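Counting from 0, one number per residue, gives the positions in the sequence shown under numbering that gives the first Met the number 0. Okay, structure first, notes after.
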Amino acid sequence: MHGFCDLHCHILYGVDDGAQTKEEARALIDGAYASGTRTICFTPHYNPLRALASAGAEERFASFSAEMKEVYPDLTLCLGAEVLYHQKIAESLANGACRTLNGTRFVLIEFLPDDDGAYIVRSLETVTARGYAPILAHAERYADFLDHPGYAFSLAEKDIPIQLNVRSVTGENGKKVKKFCHLLLKHGAVAAIATDAHDPVLSDAKLDEGYRCVARKFGEEYAHSLFSAMPRSLLGLREQERSSPDGE
Ligand SMILES: [Fe+2]
């Protein structure tokens, strides 16, 4: 089993539209751990237009992660945010209204599904110019990217990391989305695959199926990078020892 790293999820409970109760969060953590995840970064939504988004996340993280550490001592938990792009994003980060991933320079940024591809690329460049390192959340969710994959390739050329959602890679979000994801994977344009898990009923915190899908089609090395090494590096964590497929 591999130590997967999930750098995008809404498991921290009661702070956004993800898990609402400690029980729901615990169910998501249990599912993630059972399927081989050993590092999770909680990324509650930050939307500047919704004051309550992500409020109280630090306190909730401190208490919940301490509790989970008792249950799963080898599970690494950290805190970040999924920030909806806005013009004053650098100010929001500087004044603590929202946060980077695990205190690094990396910021997980999302846009609205209908936002123009050129606008997305240009906006991420402005974040870079302000001294932060943007990561584009679920690149497959933007209609203009699906129709024009060149936007994604131009981000990869600029070393702006792209994250895909695991359910999109495995085909659960439709053929067109899967085709787009696999095109990017084929060209090495993806940095990380994460769950974006919200819902314990869907038990969508699992990365193992996606890992197998990518390893089968694109090789073990790339799969290891996308599900473990690169996301850990983006979180400022050292790479873990490789483990054999048979044992932890
Ligand atoms: Fe998300």
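Yeah, the Cβ is synthetic: ideal placement off N, Cα and C, and Gly gets one too. Computed from a predicted structure; not experimentally measured.
Quiz item: How close, in whole Å, do the beta carbons of Leu163 and Val189 come, if the pair is a contact with beta carbons under 8 Å?
Solution: In the sequence shown, the residue the question calls residue 163 occupies position 164. In the sequence shown, the residue the question calls residue 189 occupies position 190. Sure, about 6 Å apart at Cβ, within 8 Å.
Practice problem: With a threshold of 16 other CB atoms inside 10 Å of the CB of Asn101, please say whether the residue is buried or exposed. | Solution: Working through the sequence shown from its first residue, we reach residue 101 at position 102. By the 10 Å Cβ count, Asn101 comes out buried.
Quiz item: Within 10 angstroms of its Cβ, does Arg215 collect 16 or more other Cβ (buried), or is it exposed?
Solution: Here the question's residue 215 lines up with position 216 in the sequence shown. That one is exposed.
Quiz item: Considering only residues of the same chain and omitting the five flanking positions on each side of Leu92, which have a CB-CB separation below 6 Å?
Solution: Position 93 of the sequence shown, counting from 1, holds the residue named residue 92. The answer is none, since no qualifying residue turns up.
Quiz prompt | Proximity to Asp207 [Cα-Cα], best of Val14, Arg37, Leu11 and Asp15 | solution = Here residue 207 is taken as the residue at index 208 of the sequence shown, counted from 1. With distances taken between Cα atoms, Asp207 lies closest to Arg37.
Self-check item: Environment of Leu233 [buried if 16+ CB atoms lie within 10 Å]
Solution: Indexing the sequence shown from 1 puts residue 233 at position 234. The residue is buried, with at least 16 neighbouring Cβ atoms inside 10 Å.
Self-check item: Proximity test, Cβ basis, 7 Å: Pro112 and chain C
Solution: The structure shown has no chain C; it contains just one protein chain.
Practice problem: Pull up the CB-CB distance for Pro47 and Ala80, whole angstroms please, since I reckon it's below 8 Å. | Solution: Here the question's residue 47 lines up with position 48 in the sequence shown. Here the question's residue 80 lines up with position 81 in the sequence shown. Not a contact, Cβ separation roughly 12 Å.
Self-check item: Under 5 Å, CB to nearest heavy atom of ligand 1: contacting residues
Solution: Glu81 and Asp195
Exercise. Just list the beta strand (DSSP E) runs in the region 17–101, keeping only unbroken ones of 3 residues or longer that don't cross its boundaries, in chain order.
Key: 36–41, 75–78 and 81–83
Practice problem: Have a look at Tyr12 and Val120 and give me their C-alpha separation to the nearest angstrom. | Solution: Residue numbering aside, residue 12 sits at position 13 when the sequence shown is read from its first letter. Residue numbering aside, residue 120 sits at position 121 when the sequence shown is read from its first letter. Distance between the alpha carbons of Tyr12 and Val120: 31 Å.
Exercise. Would you kindly check if the distance between the Cβ of Pro199 and the Cβ of Leu27 is under 7 Å?
Key: In the sequence shown, residue 27 corresponds to position 28, counting from 1. In the sequence shown, residue 199 corresponds to position 200, counting from 1. Yes, the pair counts as a contact, with Cβ atoms nearer than the cut-off.
Self-check item: Continuous beta strand (DSSP E) stretch holding Ile134: start and end
Solution: Residue numbering aside, residue 134 sits at position 135 when the sequence shown is read from its first letter. Element bounds for Ile134: Ala132 to Leu135.
Self-check item: Straight-line Cα distance separating Gly209 from Phe179
Solution: Taking the sequence shown and counting its residues from 1, the one referred to as residue 179 is at position 180. Taking the sequence shown and counting its residues from 1, the one referred to as residue 209 is at position 210. Near 15 Å, if we compare the C-alpha coordinates of Gly209 and Phe179.
Quiz item: If we call anything under 7 Å between Cβ atoms a contact, is Ser227 one with Phe3?
Solution: As a working note, residue 227 is residue 228 in the sequence shown. As a working note, residue 3 is residue 4 in the sequence shown. Contact: yes.
Quiz item: Looking only at its own chain, which residues have a Cβ that is under 6 Å from the Cβ of Leu123, when we skip the five neighbours before and after it?
Solution: Here residue 123 refers to the residue found at position 124 when the sequence shown is read from its first residue. Excluding sequence neighbours, Leu123 sits near Pro133 and Ile159.
Quiz item: Can you tell me the Cα-Cα spacing of Lys157 and Ala151, whole angstroms?
Solution: For this step, residue 157 is matched to residue 158 along the sequence shown. For this step, residue 151 is matched to residue 152 along the sequence shown. So the two alpha carbons sit approximately 10 Å from each other.
Quiz item: Exposed or buried, Thr20, counting other C-beta atoms within 10 Å across all chains shown (16 or more means buried)?
Solution: On the sequence shown, residue 20 is found 21 positions in, with the first residue counted as 1. Exposed, since its Cβ has fewer than 16 Cβ neighbours within 10 Å.
Quiz item: Which residues does DSSP pair with Leu163 in a beta bridge?
Solution: Numbered from its first residue, the sequence shown carries residue 163 at position 164. Partner(s): Ile192.
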